[in-house]
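Engineer:
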């Protein structure tokens, strides 16, 4: 745990509302292909995040700065416009999911009320706290949620209570779920935040590349393990006709039968840990991105992207308050699915930029290997199809 840090923030941001709800949906139609898809997407997301970090460690600049210096201005403006829309959607999705978690623990409060409370608490933590505090909170929340969910799945398997044949309980078609796996699991735009977190951690040169890779190995291994364990746990539940808060509570009810009242409470606590850790990570990382987009070219880390700057704190407040309205009026589960699909457009552009900026010609010996290029080209095809599907539907 001491050797890793920023990667756990990536895991916290990636293992969030989308992963939790989509993981449960996958468990209703459990099959080997979903597991393989989860593992492969985690490999793809590792490749993307490692590429972002490698570019920064070699050049000494953030990737967004590389975009502004290398590509025409309309490319930078296009990324910025999409980022503004994306950040609104992801903040609304997280607010909805935290509302579900809060109402699951305390049913007397409404989803919208608990969503607003969590958004404000996350804002206070990030606004007043330092990076070390945010990293420590994320570590403990991730440890808690992984321990509970993986432990629960193991007990269900040992007791023979898992049912892998619930085809009739599907609430979304398989194509949508595969697209959701690609779009949501492992993060999307939040991968860019990793560069700012490693800067805060003090990793600032190629000498730290090995530490970055170890950090990301652990991060995406945790992501894959958590999602698969969640699928196993969900496959043991009869969730027919349930959605939103009831989807979470129905799974918690199964754990109550297996582990007693403690299991029931622990699962709801795990769900809360998942979505709140994701919210804290997003609230911490996304304003950095806005700062560099807003400036066009970051002249200085301390001046342009500090978490104490007015631009950073202004966008933090935007993430907190503006999406609350959207979260109130959009169905929580469909909100998460929509965010997962839309985020593919941004990841497509990110992947193409890594193919261009991380070439041997640009980074020398630290440029992309052949395996890097192959995985990135596969990622381009996956996210291009996902983007076309989203635009078509």
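Numbering (my numbering), first residue to last: 22 to 414. Where a beta carbon is used, it is the ideal one built from N, C-alpha and C, also for glycine.
1. Quick check on DSSP: helix, strand or coil for residue 410?
2. Would residue 119 pass as a contact of residue 341 if the rule is Cβ separation under 8 Å?
3. Please report the distance separating the alpha-carbon of residue 94 from that of residue 47.
4. Is residue 206 helix, strand or coil when you go by DSSP?
5. Measure the CB-CB distance between residue 174 and residue 250 and report whether it falls below 8 Å.
6. Taking the alpha-carbon positions, what's the residue 273 to residue 122 distance?
7. Compare the Cα-Cα distances from residue 161 to each of 305, 413, 297 and report the closest residue.
8. Report yes if the CB atom of residue 32 is closer than 8 Å to the CB atom of residue 240, and no otherwise.
9. Have a look at 338, 139, 396 and flag the residue whose alpha-carbon is nearest the alpha-carbon of residue 64.
10. Give a yes or no on contact between the segment 278 to 290 and the segment 196 to 205, applying the rule of three or more CB pairs nearer than 8 Å.
11. Under the three-state reduction of DSSP, which class applies to residue 325: helix, strand or coil?
12. Straight-line CA distance for residue 24 to residue 232?
13. Secondary structure at residue 379, three-state DSSP: helix, strand or coil?
14. Are residue 60 and residue 365 closer than 8 Å when you measure CB to CB?
15. For residue 25, name the three-state secondary structure that DSSP assigns.
16. Check whether the segment 140 to 156 and the segment 327 to 339 touch, using three or more Cβ-Cβ pairs below 8 Å as the test.
17. Would the segment 98 to 105 and the segment 394 to 412 be scored as touching if the rule is three or more Cβ pairs under 8 Å?
18. Excluding five sequence neighbours on each side, which residues of the same chain lie with their C-beta closer than 7 Å to the C-beta of residue 408?
19. Do you know whose CA, among 402, 384, 197, 35, lies nearest residue 55's CA?
20. Below 8 Å, can you find three or more Cβ-Cβ pairs linking the segment 78 to 91 to the segment 368 to 383?
21. Give a yes or no on whether the C-beta atoms belonging to residue 125 and residue 270 are separated by under 8 Å.
22. Under 8 Å by Cβ, that's how I've got residue 295 and residue 36 pegged, so tell me the actual separation to the nearest angstrom.
23. Buried or exposed: which applies to residue 386, given that a residue is buried once 16 or more other Cβ atoms fall within 10 Å of its Cβ?
24. Measuring CA to CA, which of 343, 230, 73 is closest to residue 137?
25. Which complete alpha helix (DSSP H) runs does the segment 272 to 317 hold, if anything under 4 residues is left out?
26. Please name the residue in 345, 72, 314, 308 whose C-alpha comes closest to that of residue 331.
27. Between residue 415 and residue 88, is the Cβ-Cβ spacing less than 8 Å?
28. Identify whether residue 45 lies in helix, strand or coil by the three-state DSSP scheme.
29. Are the CB atoms of residue 210 and residue 257 nearer to each other than 8 Å?
30. Given a cut-off of 8 Å on the beta-carbon distance, is the pair residue 253 and residue 177 in contact?
Structural biologist: In short, the structure shows the following:
1. helix
2. no
3. 41 Å
4. coil
5. yes
6. 12 Å
7. Of the candidates 305, 413, 297, the residue whose Cα lies closest to the Cα of residue 161 is 297.
8. Contact flag set, yes.
9. Among 338, 139, 396, the Cα nearest to that of residue 64 is on 396.
10. no
11. Unreliable positioning characterises residue 325 in this predicted model, as indicated by a pLDDT of 49, which lies under 50. The coordinate reading is nonetheless provided below. Three-state result, residue 325: helix.
12. 8 Å
13. coil
14. no
15. coil
16. yes
17. no
18. 365, 366, 369
19. 197
20. Three or more Cβ pairs drawn from the segment 78 to 91 and the segment 368 to 383 lie within less than 8 Å of each other, which places the two stretches in contact.
21. yes
22. 6 Å
23. Exposed: under 16 other Cβ atoms inside 10 Å.
24. Nearest neighbour of residue 137 by Cα position, chosen from 343, 230, 73, turns out to be 343.
25. 282 to 316
26. 308
27. Outside the shown range of the chain, which is 22 to 414, sits residue 415, and nothing can be said about it.
28. Correct three-state label for residue 45: helix.
29. no
30. yes
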